[in-house]
Structure formats: C-alpha cells, structure tokens
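Engineer: One structure is given below, represented as structure tokens, and several questions about it will come after.
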Amino acid sequence: MRAEDDKGSLDRAAEQFMAARPQLFGIAYRILGSAVEAEDIVQEAWVRWQNTDRAEIREPAAFLATVTSRLAINLAQAARMRRESYTGPWLPEPVDTRADPQLGAERAEALDLAVLLLLERLNPVERAAYVLREAFDYPYKRIADILETNEAHTRQLVTRARKHVAAERRQPVGDGVHRRLLEVFLDAARTGSLSVLEGVLTDDVVSYTDGNGMRGASRIPVVGRPRVSKYLAAFAPRFWPPTEVRWVEANGRPAVLVTAGGDPVALLSVDVSARGIERVMWVMNPDKLAPYVASLAD
1 MRAEDDKGSL
11 DRAAEQFMAA
21 RPQLFGIAYR
31 ILGSAVEAED
41 IVQEAWVRWQ
51 NTDRAEIREP
61 AAFLATVTSR
71 LAINLAQAAR
81 MRRESYTGPW
91 LPEPVDTRAD
101 PQLGAERAEA
111 LDLAVLLLLE
121 RLNPVERAAY
131 VLREAFDYPY
141 KRIADILETN
151 EAHTRQLVTR
161 ARKHVAAERR
171 QPVGDGVHRR
181 LLEVFLDAAR
191 TGSLSVLEGV
201 LTDDVVSYTD
211 GNGMRGASRI
221 PVVGRPRVSK
231 YLAAFAPRFW
241 PPTEVRWVEA
251 NGRPAVLVTA
261 GGDPVALLSV
271 DVSARGIERV
281 MWVMNPDKLA
291 PYVASLAD
C-alpha cells in the first residue's frame, strides 16, 4: 500500500510539474538567453520537486516558478563570467516558437532576440524582475518574494530594466513589414547590392556575428550603415553561392536559416523599426544552431 501511495504521489507530482513546465522553461530561457541552459534548469527544478515535501506546498506552480527563477539567476551570474571569455559577439540561442508563440508566458515580451541581447547588459536580478513582470505579469509582491527582496526595490528593478530597453531599442514593426524588409535585405545581401543595402539599413545599424571564434565570423560588431553595407557586399561572393535559404520562425519573428550541403551555416535575424533595420544578427555557432535546427524537425 505504501508503495502504491508513493507511486500515486509521484504521478501527481509529475502531472503538476508537466503542467507548469512550459512556463518554467519560458522563465529560465528569458533569464539565461540559452535554451540548453534553460533545459538544465528545468531538469534541476524537477529533481528538487521530487525531493520536496509536497504535502506542505499549496501552490505547486508558484513553488516551481520560484525554484526555477532562483536557479536561473544563479546560473546567469556564473554565465556572465563565462561569456567574458567568449570569442566575438555573444547572441542569445534561438528558439522555435511556432508551437508556442509566447513561449510559456502571458505575453511574448522579452523573447525577441534583440531584447534578449539588450537584457544581457542588466545584472541577473534586474533581468529576472523584468522577465517576471513584463512577460509573465507577476504581481510585484510575488516577484519580491521570488527575489527575496521588498516590493519597493522590485519596482525599482523593473523600472530600471524598462528604461534600459526603451533607451536602446526603437519600437519594432509588425511581422508583415518585418518580413518584407528582411526579404529585401536578404536579396541585397546575396547579390551584394550596396545601394539596396544602404537603403534598408539605419544610420547606426549594428551587425553581430556569433561564431565563438569560428573561421569567417567577424569577431567584433560592425557598426554604421557604410561599414555594414560594405562588409556585407564584400562577404557576398564567398558566402552565399554554395548556400540555400529557408524561411523559419525564431523567437516569434521571421528569420532565415542558411544551409550548405544540408548542414546549417547560420540563422539570420534582424531587428526592424520604422526607420529600417537596426540590428543584423547572425548566429553561426554550431552549438547554438544544432538545437534550433533539431527543433524544426519535431
């Protein structure tokens, strides 16, 4: 009987965990910017949930969200140090959002690659506060409990993060305009059309290539319309001829998967405002591309 009770208890624990899992992954991913690390956090949360006296927990989802957030903050603090030794620009790991456009959240906030990149400049506690408020619409009191601080300080953390994002990013356009501009950009990049590139890029555009030191990946961001246009035009003859492109969705936005001989080479994403393309983001690191490409086959 005792064994049956234990099995029933574990079955209920698994049901409660699986119900909360999409939100847990969504929290961890937004705090970390890495799907692989987020999966590790979710697995650790499951282990802790199994080993917790669950009879004492009134709200399993709230308990699991708290555990996940704290684990993610701790890992983010360690990750910041590791990323200092990363070769070249670091970009968030892309995720396929076709099945879950909001990635487990109330709103699709803090999901766009450009926003996740900006959030990297915040400390992990500020980032967590922003994510829990903006994406998951948690009350300030609940966020304060998760962060083990007070409500007033929590409001300050969220306000600071909002100001940072607002100062660094212009209002994005809708998906239709976004895709049309990306189509024009892609065609110009593939043909090396300098004039068209200059027409769609903003004055202060930045191109980031995340390759972690791999050959052919720029190790510094390329800044400004003239430099980015010339860089892409020079890049075109040796990069594009052997490749094929496939339209995909990444982090809730249209994106382009570039392959060569069936193997992934890059994921191209752009950040677009009414002014034009503000950021060009090339994820070329195989360790980041592989999980994303695998998810497309699911």
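Letter by letter, the sequence shown follows residues 1 to 298 of full-length UniProt numbering.
Note that the Cβ used here is the ideal one computed from N, Cα and C, for glycine as well.
Since the model is a prediction, treat every value here as computed from it, not as a measurement.
Please work out which residues of its chain come closer than 6 Å, Cβ to Cβ, to A76, disregarding the five sequence neighbours upstream and downstream, and give them in chain order.
Structural biologist: Closer than 6 Å at Cβ, skipping near neighbours: I31, L32 and P124.
Engineer: Helix, strand or coil, according to DSSP, for T66 in the structure here?
Structural biologist: It is helical.
Engineer: Expressed to the nearest angstrom, what Euclidean distance is found between the alpha-carbon atoms of E4 and D11?
Structural biologist: Low confidence applies here, because E4 scores a pLDDT of 43, under 50, leaving its location unreliable and the question unanswered by this model.
Engineer: For Y292, which three-state DSSP category applies?
Structural biologist: Three-state result, Y292: helix.
Engineer: Under 8 Å: do the region 246-261 and the region 202-222 share three or more Cβ pairs, one atom per stretch?
Structural biologist: Contact fails: fewer than three Cβ-Cβ distances are below 8 Å.
Engineer: Let me make sure I understand the geometry here. Which of L147, G199 and L122 has the alpha-carbon closest to that of R162?
Structural biologist: Closest option to R162, Cα to Cα, is L122.
Engineer: Output yes or no for whether 8 Å exceeds the beta carbon distance between L201 and I277.
Structural biologist: Cβ atoms of L201 and I277: closer than 8 Å.
Engineer: Just to check my reading of the structure: E126 and L157 have Cβ atoms closer than 8 Å, yes? What is that Cβ distance to the nearest angstrom?
Structural biologist: Confirmed, about 5 Å.
Engineer: Here's the rule: buried if 16 or more other CB atoms are within 10 angstroms of the residue's CB, otherwise exposed. What is P139?
Structural biologist: So P139 ends up on the exposed side.
Engineer: Determine which residues share a DSSP beta bridge with M281 and list them.
Structural biologist: Per DSSP, Y208 and S269.
Engineer: Over the uninterrupted alpha helix (DSSP H) stretch that includes R127, give me the two end residues.
Structural biologist: It spans P124 to E134 - the alpha helix (DSSP H) in which R127 sits, taken as one unbroken run.
Engineer: Buried or exposed for G176, please, with buried defined as at least 16 other CB atoms from any protein chain shown within 10 angstroms of its CB.
Structural biologist: Under this definition G176 is an exposed residue.
Engineer: Using a Cβ-Cβ cutoff of less than 8 Å, which residues in the same chain neighbour L116 once the five nearest sequence positions on both sides are dropped?
Structural biologist: These residues qualify, in order along the chain: R30, G33, P92, A110 and N251.
Engineer: When you compare each of T149, V272, A274 and L289 to A266 by their alpha carbons, which one comes out closest?
Structural biologist: Checking every option, the nearest Cα to that of A266 belongs to L289.
Engineer: Using only the alpha-carbon positions, how far apart do N285 and E56 sit?
Structural biologist: Answer to the nearest angstrom: the Cα atoms are 44 Å apart.
Engineer: Which word fits R2, buried or exposed, when buried means at least 16 other C-beta atoms lie within 10 angstroms of its C-beta?
Structural biologist: Because the pLDDT of R2 is 47, which lies under 50, any placement of that residue in the model is unreliable, and the question is left without a value.
Engineer: By how many angstroms is the C-alpha of V36 removed from the C-alpha of L64?
Structural biologist: In a straight line, the C-alpha of L64 is about 19 Å away from that of V36.
Engineer: Return helix, strand or coil for R12, following the three-state DSSP convention.
Structural biologist: Correct three-state label for R12: helix.
Engineer: DSSP three-state label for A78, please.
Structural biologist: Helix, per DSSP.
Engineer: Do A38 and F17 come within 8 Å of each other at the CB atom, strictly closer than that value?
Structural biologist: No. Outside cutoff.
Engineer: Please report the straight-line C-alpha distance between R170 and R275, rounded to a whole angstrom.
Structural biologist: So the two alpha carbons sit approximately 9 Å from each other.
Engineer: Count the other C-beta atoms from every protein chain shown that fall within 10 angstroms of the C-beta of W247, then say buried if there are 16 or more, exposed otherwise.
Structural biologist: Exposed, because fewer than 16 other Cβ atoms sit within 10 Å of the Cβ of W247.
Engineer: Using beta-carbon positions only, say whether L182 and A233 come within less than 8 Å of one another.
Structural biologist: For L182 and A233, no; Cβs fall outside 8 Å.
Engineer: Which same chain residues end up closer than 6 Å to S229 when comparing Cβ atoms and leaving out the 5 residues on each side of it in sequence?
Structural biologist: Cβ neighbours of S229 beyond the five flanking positions: L194, L197 and E198.
Engineer: Whole angstroms are fine: how far does the CA of R215 sit from the CA of V293?
Structural biologist: Distance between the alpha carbons of V293 and R215: 21 Å.
Engineer: Please determine, among W240, V280 and A297, the residue with the shortest C-alpha to C-alpha distance to R225.
Structural biologist: Considering only alpha carbons, the answer is V280.
Engineer: How many angstroms separate the CA atom of E59 from the CA atom of V256?
Structural biologist: Those two C-alpha atoms are separated by around 41 Å.
Engineer: Roughly how many whole angstroms lie between the Cα atoms of E151 and D96?
Structural biologist: Between E151 and D96, the C-alpha separation is close to 34 Å.
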